[in-house]
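*Asks:*
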Amino acid sequence: MYGAAMGHIDVVRLLLDQSADIDLRSNDSRTAQGWARLNNQIDVIALLEERYQERMATNTQLLSGSLQGNVEEVRRALKRGASIDCVDVNKRTPLLLAVMENHEEIARLILDNKADVNVQNVVGRTALSIAAQEGSQRLVQLLVGSDANVNLADTTGWTPLLYAVKAGHSDIVQQLLENGANCEAPNDAGQTPLVVAARYGNANVADLLVKHDASVNSADRNRTTPLMFAAKGGYDEIVRLLVTGGADINAQDVNGETALFHAVPSHRCASHLLDHRASIDLPNEKGVTPLMRAAELGHDESLALLLDRNANIEASNTDGWTALTYAATNNQRVVASNLLDHGAKVDCRDSVENTPMLHAVRGGNTAIISFCLIEVLILMLKIRGVRRRCAKL
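Structural data, given as structure tokens:
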């Protein structure tokens, strides 16, 4: 910089020939070219501009070769003095490009030339993060062996471990854990690796994390636990793993919903939770129970299970709706029939005095209207019979 500022062109040329960094900045953020311009050193400015364009061309060659897997082009670019950590418009370095395209030989060559192994692209992704997501065990081994930070997260808090967990790469997960990856580090949504494994149904990965003492009761920002995600996805194997590992079966998320509530679409998950004393009538914040949820969605198998386990058939939500009201409103014929067979009250009323049959009438649900009319008729006959017996007394 001093040579550029003072116009010592031979000194500047010599330093550039010795691979001096043309982009290096002083404390006031000026490059050598900036100092030359400040002092109107025209010859030095021309030399620096010429070398800058040459550097840009070799950098482009290095980036292109790394992306395309052209080892010889990469070697030529490095020999011509390309910057090992130059970037494209997305802040991707040659190392990031090589790893992204699974070019192991080029990645090794670049690392041998002192590339920054922890450099991040525009969204904070590292080479290790990319390799972990893509499932490249050899590249992960290479990067970890080159002192890659196994816990460096991107701009959304996703670590290499989280990416490997989501993709279901159990071998990569094992590698990362053995090299110090934090199995409790959450992303910006509060999801730990075990939460992510449960959410995406990766049973082998979940088992591996539990064996490494991952908390089975960790929860995201919505207080959704691994057990809730597994139950919602119908991942029975993970549900069993978490229950055995001591997961809180009756924990409630931000909406007050339990794992059993989430398990309604999956008969097997619901059955396993009930076998381990899940609270069958625990409602969410709106008073909706698992039985009501099953009635609303028409999951007759889970509804039958809940009824067999003595779920409260007359429980009502904050609006006074029962399971039968939900079935009538949503035209769930099989469910409505099952509820009526189990003694659901056809004359129950909600907070605005509507009965299940009135809800069915509004929806034009003729089959359910017929069911309700039959039950009303039976009820009337029973009442009449009681009155006759009373009169005889």
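Terminal number for the sequence shown in numbering that gives the first Met the number 0: 392, no gaps in between. Just so it is clear, CB atoms sit at the ideal spot from N, CA and C, and this is done for glycine as well.
Could you name the residues of the same chain whose beta carbon sits closer than 6 Å to that of asparagine 329, not counting the 5 residues immediately before and after it, in chain order?
*Replies:* Glu295
*Asks:* With a CB to CB cut of under 6 Å and the five nearest residues on each side skipped, what residues in its chain are close to leucine 127?
*Replies:* Around leucine 127: Leu142, Ala147, Pro159.
*Asks:* Let me know the secondary structure DSSP gives valine 86 once reduced to three states.
*Replies:* coil
*Asks:* Tell whether a beta-carbon distance below 8 Å holds between aspartate 153 and aspartate 115.
*Replies:* no
*Asks:* With C-beta atoms as the reference, is isoleucine 237 less than 8 Å away from alanine 205?
*Replies:* yes
*Asks:* Buried or exposed: where does glutamate 177 fall if 16 or more other Cβ atoms within 10 Å of its Cβ makes it buried?
*Replies:* exposed
*Asks:* Does the Cβ of asparagine 353 have 16 or more other Cβ atoms within 10 Å, making it buried, or fewer, making it exposed?
*Replies:* When all chains shown are included, asparagine 353 counts as buried.
*Asks:* With DSSP collapsed to three states, give me the class of lysine 165.
*Replies:* Lysine 165: helix per DSSP, three-state reduction.
*Asks:* Keeping to the same chain, check which residues put their C-beta closer than 6 Å to that of arginine 222; ignore five residues upstream and five downstream.
*Replies:* Asp252, Val253
*Asks:* For leucine 175, which residues in the same chain have their Cβ closer than 7 Å to its Cβ, ignoring the five residues on either side in sequence?
*Replies:* Ala131, Val149, Pro159, Leu160, Ala163
*Asks:* Measure the beta-carbon distance from leucine 108 to valine 70 and round it to whole angstroms, keeping in mind my assumption that it falls under 8 Å.
*Replies:* Their Cβ separation, rounded to whole angstroms, is 7 Å, which keeps leucine 108 and valine 70 in contact under 8 Å.
*Asks:* Can you tell me the Cα-Cα spacing of glutamine 119 and leucine 62, whole angstroms?
*Replies:* 15 Å
*Asks:* Can you tell me the Cα-Cα spacing of glycine 244 and phenylalanine 228, whole angstroms?
*Replies:* 16 Å
*Asks:* Taking Cβ to Cβ, would you say serine 145 is nearer than 8 Å to histidine 102?
*Replies:* no
*Asks:* Between asparagine 316 and histidine 211, what straight-line distance do the alpha-carbon atoms span, to the nearest angstrom?
*Replies:* 41 Å
*Asks:* Can you tell which of Ala327, Ala184, Ser169 has its C-alpha closest to the C-alpha of arginine 361?
*Replies:* Nearest C-alpha to arginine 361: Ala327.
*Asks:* Taking Cβ to Cβ, would you say alanine 269 is nearer than 8 Å to serine 217?
*Replies:* no
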